[in-house]
Amino acid sequence: MKEALKRVWEAVKAFLHRKNIEISAKRYGIDAMSAMAQGLFASLLIGTIIKTLGQQLGIAYLEEMGGYATAMSGPAMAVAIGFALGAPPLVLFSLIAVGNAANTLGGAGGPLAVFVIAIIASEFGKAVSKETKVDILVTPAVTIAVGVCLSSWWAPAIGSAASAVGTVIMWATEQQPFFMGILVSVLVGVALTLPISSAAICSAIGLTGLAGGAAVAGCCAQMVGFAVMSFQENRWGGLVSQGLGTSMLQMSNILKNPRIWIPPTLAAAVTGPIATCIFQLEMNGPAVSSGMGTCGLVGQIGVYSGWVSDIAAGTKTAITAMDWVGLILVCFVLPAVISWALGLLFRKKGWIKEGDLKLD
564 MKEALKRVWE
574 AVKAFLHRKN
584 IEISAKRYGI
594 DAMSAMAQGL
604 FASLLIGTII
614 KTLGQQLGIA
624 YLEEMGGYAT
634 AMSGPAMAVA
644 IGFALGAPPL
654 VLFSLIAVGN
664 AANTLGGAGG
674 PLAVFVIAII
684 ASEFGKAVSK
694 ETKVDILVTP
704 AVTIAVGVCL
714 SSWWAPAIGS
724 AASAVGTVIM
734 WATEQQPFFM
744 GILVSVLVGV
754 ALTLPISSAA
764 ICSAIGLTGL
774 AGGAAVAGCC
784 AQMVGFAVMS
794 FQENRWGGLV
804 SQGLGTSMLQ
814 MSNILKNPRI
824 WIPPTLAAAV
834 TGPIATCIFQ
844 LEMNGPAVSS
854 GMGTCGLVGQ
864 IGVYSGWVSD
874 IAAGTKTAIT
884 AMDWVGLILV
894 CFVLPAVISW
904 ALGLLFRKKG
914 WIKEGDLKLD
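Residue 923, in my numbering, is where the sequence shown stops; the numbers in between run on with no holes.
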């Protein structure tokens, strides 16, 4: 019996390997989630930016264009996830319907529903792909059937759970803006630098409002902090690639010397409560922007689009000078100054040595 089970298990492993189905934390927790964030960027984020430009410039066509892009966020996320999982074309194209169903039925927590369901539908589609002579019928039918059925069954519950988590975090931040400002800023900032997607996490739980502002602060602290702190090693190229790209570029250096992570993380612990307690910086734009920091200035554009939406809704009278001062200080000035000063201190103490922050 034991030998028979062993043979069955070996056959299953061989089948999964042949189908490029790898059940691992890296494949699903890093590769798929990072791709999902790119799908969000290519739909919801860029659409919001274009729509905001249209509103501010009075160009109706840009508003319409942005609306089309944001409406496709579900399909874009699902296809991006399928691409990261190595899905063949028929599976990839079928995920468009799956993403739309999961995102629609998931409501406010739609991105998390898309993440879970698109992974399962993609793997089922990959499993049957090219296994029959009528592949053009079987593969899309299985992918769509699994994805849409799971969307009807799971998406509302997943969406509600994700939304509830986000609501609790936002409520707690409003009740305890100082301590939650520190916690949210540090955790989301750390997630940004780790090889996972802070943007996808923020989008999945719908992190907006005051907690979203703290998340923006934490992400900016990591990106601007590393960019400024490593300027003597990486010069202008490093400043741009980290400050407007991602602090994830420093991950290999962090593994070699974890102490280099302390200055930007402490900067996040400072700027988070400043954002929540002093400037009441809120992210009322797309939740995904909360986890983007200064990447393409998406975090700042998200805050600005939130101001515009609040004015249109009548909950905000105007964009004030204090709003701009808070945004600039929290997102750029304070992270740069704090990380630079701490980095200088760490270099003098020998905790950071020449070349520790050098990008490959």
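Every residue gets a Cβ at the ideal spot worked out from N, C-alpha and C, and that includes glycine. Please read all numbers here as calculations on a predicted model, not as lab measurements.
Asked: Burial state of P836 (16 or more Cβ within 10 Å); Found: buried
Asked: Same chain only: Cβ atoms within 6 Å of G801, ignoring 5 sequence neighbours per side; Found: S793, L922
Asked: Rounded straight-line distance, which links the Cα of G670 to that of T809; Found: 29 Å
Asked: Buried/exposed call for K614, threshold 16 Cβ in 10 Å; Found: buried
Asked: Nearest-angstrom Cβ-Cβ length linking V691 and V701, presumed shorter than 8 Å; Found: 6 Å
Asked: Nearest neighbour of V851, chosen from H580, M640, E686, L905 [CA to CA]; Found: M640
Asked: Option in P719, L620, A832 with minimal Cα separation from G781; Found: A832
Asked: Rounded straight-line distance, which links the Cα of P849 to that of Y631; Found: 15 Å
Asked: Helix, strand or coil at M846 according to DSSP, with G and I counted as helix; Found: strand
Asked: Rounded distance between the beta-carbons of I593 and P758, thought under 8 Å; Found: 5 Å
Asked: Chain-order list of residues whose beta-carbon lies under 6 Å from that of G776 (same chain, five-residue window excluded); Found: A838, L844, E845, M846
Asked: Backbone secondary structure at V697 - three-state DSSP; Found: coil
Asked: 8 Å Cβ shell around I699 - same chain, five flanking residues per side excluded; Found: L653
Asked: A767, buried or exposed, once every other Cβ within 10 Å from all chains shown has been counted against 16; Found: buried
Asked: Three-way DSSP call (helix, strand, coil) for M635 in this model; Found: coil
Asked: Coil, strand or helix - A650 by DSSP; Found: coil
Asked: Separation of S685 from P703, as counted between CA atoms; Found: 10 Å
Asked: DSSP state of G729 mapped onto helix, strand, coil; Found: helix
Asked: According to DSSP, residues forming a beta bridge with G772; Found: M846
Asked: G769, buried or exposed, once every other Cβ within 10 Å from all chains shown has been counted against 16; Found: buried
Asked: Straight-line gap, A762 to F895 (C-alpha atoms, nearest Å); Found: 19 Å
Asked: Whole-Å CB distance - T857 paired with V787, under 8 Å assumed; Found: 6 Å
Asked: Whole-Å CB distance - I764 paired with G865, under 8 Å assumed; Found: In fact, because the Cβ distance is near 15 Å, the residues do not count as touching under 8 Å.
Asked: Assigned exposure category for G913 - 16 Cβ within 10 Å defines buried; Found: exposed
Asked: Three-pair Cβ contact test at 8 Å for the stretch 660-668 versus the stretch 712-729; Found: yes
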